[in-house]
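K.L.:
Have a look at this one.
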Amino acid sequence: MRWLVVFLLVLAGGALALLLLVTDSRPLVERGESISPDAVAQARRLLLTNDPRRMRAGEQRRAAIPATLIDEAANYLASRVLRGRGALVMGEDMAEVRLTRRIQLPIMDRFLNLRAVVNETNGEPRVAAAAIGGTAIPARLAEFVLAATVRALGYEREWSLGRGAVRRLTFEPAQQAVIVDFVWAPELLDRARSLAIAPAALPRFQHAQTTLAALLDHHRPRAQVPLTSVLAPMLAVTDQQAPERRRIALLVMAFHLAGKNLTNIIPDASRWPRARAVTLTMANREDSAQHFVISAALAAWAGEPAAEAIGLYKELDDARHGSGFSFADLAADRAGTRFGELLARQPERIDALLQGRIGDNDLLPSLAGLPEYLAQRELQTRFGGPGSPAFRKVVDEIDRRIAAMPLYR
264 MRWLVVFLLV LAGGALALLL LVTDSRPLVE RGESISPDAV AQARRLLLTN
314 DPRRMRAGEQ RRAAIPATLI DEAANYLASR VLRGRGALVM GEDMAEVRLT
364 RRIQLPIMDR FLNLRAVVNE TNGEPRVAAA AIGGTAIPAR LAEFVLAATV
414 RALGYEREWS LGRGAVRRLT FEPAQQAVIV DFVWAPELLD RARSLAIAPA
464 ALPRFQHAQT TLAALLDHHR PRAQVPLTSV LAPMLAVTDQ QAPERRRIAL
514 LVMAFHLAGK NLTNIIPDAS RWPRARAVTL TMANREDSAQ HFVISAALAA
564 WAGEPAAEAI GLYKELDDAR HGSGFSFADL AADRAGTRFG ELLARQPERI
614 DALLQGRIGD NDLLPSLAGL PEYLAQRELQ TRFGGPGSPA FRKVVDEIDR
664 RIAAMPLYR
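Taking my numbering, the leading residue of the sequence shown gets 264, the next gets one more, and so forth.
Below you can see the structure in the form of structure tokens.
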């Protein structure tokens, strides 16, 4: 027995020594989880110029992807998938992807720091060099581990299709862009849809769409209908699939409020009932209902940072080209984001909410005194940009109002 204890102690000591060897005392990547409105704008422009629905099979295309967009995407994926942080560092003829994950030990915190270098290439991009902490690892081993990880996550087919479509990879540090020459394969879009919407979930999407259509069917077209009278029954599910069904219900409502057709992501939806075109409102405002539900759906499906970034980008874009920047709309965005996060992470709070009668005041903070209809010049003059003290002061007030509400405490 004594020898067994000694063996276990030696084994534990060896494991600890190995952990200390491959980890560092400081993180390689140290940043927040937030996404900038600029990244949202870049992604939108990239999709508009490379709309996969308009590309033909075998068509050769070239896309200039901003390095900052890839950098923020790497950090977003590292945060959502690995609970860590990520970054992209550009160099001449190469780029380095960096990942950091905190390892919490009983007496200290250590950091698992990973580096992978990708060189310019003709054909499929591959790892040229890699390291864990200060220890270099063979590129072939890094490729093997990467492939095994992708396979374990269930994305092997998508990974293979994406890499196989690349014909040339070029890094342009001066332009801060990654140039990708690729050949379009329609299966990529099909696989992306199946990742976003699993085939097994289609009946639940159909049920949500049918329920929404039934809830709105007895109203006259363009009638004003309180959002809460529709939201509560759409979310009133109590079975084991309640979290997923509620996320689906939010997404179906978001498509309806945005005036978008669900067939854009689910072709089969063309055979489902269409919801009547009524005006859903919060605080007697159509825009508040739109901002709340769309942000809630984004947060439930993509996370709070993405929802907040998209909401802020939309308001900044309105200041330039639309009805003007609205802090009231931003308040609805941020309240919706909190609601979507609760639905995804604390469903018991939503269960408790649904036990009673829901009103606008349960979901949306007071919008009193929040400036609206600000053109870009007036916005800059009075409040500056999103990082300025005056702008931050109004956002902090919005967050204070939201935090004071029972649901979001």
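Beta carbons are placed, not taken as given, at the ideal position from N, Cα and C, and that holds for glycine. Keep in mind the model is a prediction, meaning the values are calculated, not measured.
Check whether the Cβ atoms of residue 302 and residue 572 sit closer than 8 angstroms, and answer yes or no.
P.N.:
yes
K.L.:
Let's see if you can read the secondary structure: which residues bound the alpha helix (DSSP H) around residue 665?
P.N.:
652 to 666
K.L.:
Please classify residue 269: does DSSP put it in a helix, a strand, or coil?
P.N.:
Any answer about residue 269 is weak, because its pLDDT of 47 lies below 50 and its placement is not dependable; what the coordinates show is given next. Three-state result, residue 269: helix.
K.L.:
Alpha carbon to alpha carbon, how far is residue 516 from residue 668?
P.N.:
Taking the straight line joining both Cα atoms gives about 24 angstroms.
K.L.:
State the Cα-Cα distance for the pair residue 642 and residue 582, rounded to the nearest angstrom.
P.N.:
8 angstroms
K.L.:
Does DSSP classify residue 400 as helix, strand or coil?
P.N.:
strand
K.L.:
Here's a check: name, in chain order, each residue in its chain whose Cβ is nearer than 7 angstroms to the Cβ of residue 270, leaving out the five neighbours to either side.
P.N.:
Only weak support is given to the placement of residue 270: the predicted model assigns it a pLDDT of 49, under 50, and the value that follows is read from those uncertain coordinates. Excluding residues within five positions, none has a Cβ falling inside 7 angstroms.
K.L.:
Can you check which of these residues, 536, 548, 396, is closest to residue 480 by C-alpha distance?
P.N.:
536
K.L.:
Name, in chain order, the residues that DSSP records as bridge partners for residue 544.
P.N.:
489
K.L.:
Kindly indicate which three-state DSSP category residue 359 falls into: helix, strand or coil?
P.N.:
In the three-state reduction of the DSSP assignment, residue 359 falls in the strand class, which pools E and B.
K.L.:
On the three-state DSSP scale, how would you describe residue 387?
P.N.:
coil
K.L.:
Using a threshold of 8 angstroms, state whether the C-beta atoms of residue 597 and residue 531 are closer than that.
P.N.:
no
K.L.:
Who does residue 435 pair with in a DSSP beta bridge?
P.N.:
440
K.L.:
Counting pairs of beta carbons, one from the stretch 329 to 344 and one from the stretch 438 to 450, are three or more of them closer than 8 angstroms?
P.N.:
yes
K.L.:
In the structure shown, what three-state DSSP assignment does residue 420 receive?
P.N.:
helix
K.L.:
For residue 511, report the span of its alpha helix (DSSP H) as first-last.
P.N.:
Where residue 511 is concerned, the enclosing alpha helix (DSSP H) stretches over 505 to 520.
K.L.:
How many angstroms separate the CA atom of residue 419 from the CA atom of residue 406?
P.N.:
13 angstroms
K.L.:
Nearest-angstrom Cα distance between residue 391 and residue 640?
P.N.:
48 angstroms
K.L.:
Distance check for residue 586 and residue 629, CA to CA, integer angstroms please.
P.N.:
Their Cα atoms are separated by approximately 21 angstroms.
K.L.:
Count the other CB atoms within 10 Å of the CB of residue 268; is the residue buried (16 or more) or exposed (fewer)?
P.N.:
For residue 268, the pLDDT reaches just 47, beneath the cut-off of 50, and the residue's location in the model is therefore unreliable, leaving the point undetermined.
K.L.:
Decide if residue 652 is buried, meaning its Cβ has at least 16 other Cβ atoms within 10 Å, or exposed.
P.N.:
exposed
K.L.:
Near residue 513, what residues of its chain come up, given a Cβ to Cβ distance below 6 angstroms and the 5 sequence neighbours on each side ignored?
P.N.:
559, 560, 563
K.L.:
Any contact between the stretch 291 to 306 and the stretch 358 to 372? By contact I mean 3 or more CB pairs, one from each, below 8 angstroms.
P.N.:
Cβ pair count under 8 angstroms is three or more, so yes.
K.L.:
With residue 618 and residue 446 assumed to form a contact (beta carbons below 8 angstroms), what rounded beta-carbon distance in angstroms separates them?
P.N.:
Actually they are not in contact, since the Cβ atoms of residue 618 and residue 446 sit about 55 angstroms apart, beyond 8 angstroms.
K.L.:
For residue 584, count the other beta carbons within 10 Å of its own beta carbon; 16 or more makes it buried, fewer makes it exposed. Which is it?
P.N.:
Exposed: under 16 other Cβ atoms inside 10 Å.
K.L.:
Could you check which residue in 338, 666, 312 has the C-alpha nearest to that of residue 299?
P.N.:
338
K.L.:
Find out if the Cβ-Cβ distance for the pair residue 551, residue 486 is shorter than 8 angstroms.
P.N.:
no
K.L.:
Measure the alpha-carbon distance for residue 493 versus residue 478 and round it to whole angstroms.
P.N.:
7 angstroms
K.L.:
What runs of the alpha helix (DSSP H), each 4 residues or longer, lie entirely inside the stretch 563 to 637?
P.N.:
567 to 584, 590 to 608, 610 to 617, 623 to 626
K.L.:
Over what stretch of residues does the alpha helix (DSSP H) that includes residue 333 continue unbroken?
P.N.:
330 to 340
K.L.:
Within this structure, are the beta carbons of residue 351 and residue 333 separated by less than 8 angstroms?
P.N.:
yes
K.L.:
Who are the Cβ neighbours of residue 566 in its own chain at under 7 angstroms, not counting the five residues just before and after it?
P.N.:
343
K.L.:
So, with DSSP's three-state summary, where would you put residue 292?
P.N.:
DSSP, read as helix, strand or coil, puts residue 292 in coil.
K.L.:
From what residue to what residue does the alpha helix (DSSP H) around residue 303 run?
P.N.:
300 to 312
K.L.:
Tell me the rounded alpha-carbon separation between residue 489 and residue 547.
P.N.:
8 angstroms
K.L.:
Which value, in whole angstroms, describes the spacing of the CA atoms of residue 450 and residue 402?
P.N.:
29 angstroms
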